[in-house]
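Numbering (my numbering), first residue to last: 4 to 142. Glycine included, each C-beta is placed from N, C-alpha and C at the ideal position. Below is one structure, written out as structure tokens; comments come after it.
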Amino acid sequence: MDQTILFHYENTEFKIKDEPRFVHWILKLCNNHGLNPECINYIFADDEYVLAINREHLDHDFYTDIITFPISKKPLCIDIYISVDRVKENAISFEVDFENELKRVMAHGVLHVAGFGDKTEEEAKLMRQEEDRAIELYQ
Numbered sequence: 004m005d006q007t008i009l010f011h012y013e014n015t016e017f018k019i020k021d022e023p024r025f026v027h028w029i030l031k032l033c034n035n036h037g038l039n040p041e042c043i044n045y046i047f048a049d050d051e052y053v054l055a056i057n058r059e060h061l062d063h064d065f066y067t068d069i070i071t072f073p074i075s076k077k078p079l080c081i082d083i084y085i086s087v088d089r090v091k092e093n094a095i096s097f098e099v100d101f102e103n104e105l106k107r108v109m110a111h112g113v114l115h116v117a118g119f120g121d122k123t124e125e126e127a128k129l130m131r132q133e134e135d136r137a138i139e140l141y142q
């Protein structure tokens, strides 16, 4: 399996079911946005683990579904922390299945590194469109 994209699991029973398929998808998404990562580490964890990262590194005291850290630009290395608990809650709130929401969040981190923001209403709308396009790439 490609060693560019790695999956790590902290404080969760969750595991990606078909890692090679997800790796292929993320690499395709990166390629579509002109990214050539040397490493992307997806760290799947529970709410408390991601909250601790949010507090320690961003001085934010709230739960979040994703935190993206571009570690270096050349070579491009990224750590993406995902709260499986938040993804499950969001899937229920948005009335989508868990895997669809998981793909959305996984793509979201890559899209941030590709230059997409989500602070303004217009940025958030464009981000959502790009997330939808990313999900369509999954085969």
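Drop a sphere of 10 angstroms on the beta-carbon of residue i, count the other beta-carbons inside from all chains shown, and report buried for 16 or more, exposed for fewer.
| i | result |
| --- | --- |
| Ala137 | buried |
| Arg58 | exposed |
| Asp88 | buried |
| Leu61 | exposed |
| Ala127 | exposed |
| Gln142 | exposed |
With DSSP as the reference, label residue i as helix, strand or coil.
| i | result |
| --- | --- |
| Phe17 | coil |
| Phe65 | coil |
| Tyr12 | strand |
| Asp82 | strand |
| Phe119 | coil |
| Asn44 | strand |
Need the endpoints of the alpha helix (DSSP H) that residue i sits in, please.
| i | result |
| --- | --- |
| Arg97 | A small correction: the amino acid at residue 97 is Phe; Arg does not occupy that position in the sequence shown. Val87 to Phe97 is the extent of the alpha helix (DSSP H) around Phe97. |
| Tyr150 | Because residue 150 is not part of the residues shown, which for the chain are 4 to 142, the question remains open. |
| Asp135 | Glu124 to Leu140 |
| His111 | Phe101 to Val116 |
| Glu22 | Glu22 to Asn35 |
Along the chain, where does the beta strand (DSSP E) that runs through residue i open and close?
| i | result |
| --- | --- |
| Pro73 | Ile69 to Ser75 |
State the Cα-Cα distance for the pair residue i and residue j, rounded to the nearest angstrom.
| i | j | result |
| --- | --- | --- |
| Ile46 | Leu38 | 20 angstroms |
| Ala117 | Cys42 | 15 angstroms |
| Ile19 | Leu30 | 16 angstroms |
| Phe10 | Ser96 | 26 angstroms |
| Glu98 | Glu92 | 10 angstroms |
| Asn34 | Ala48 | 27 angstroms |
| Glu13 | Tyr66 | 16 angstroms |
| Leu54 | Asp64 | 7 angstroms |
| Ile69 | Arg24 | 21 angstroms |
| Gln144 | Asn44 | Here the chain comprises residues numbered 4 to 142, so residue 144 is not present and cannot be evaluated. |
| Val90 | Glu51 | 14 angstroms |
Assess, as a yes-or-no matter, whether the region 73–80 is touched by the region 102–109 under the definition of 3 or more beta carbon pairs within less than 8 angstroms. no
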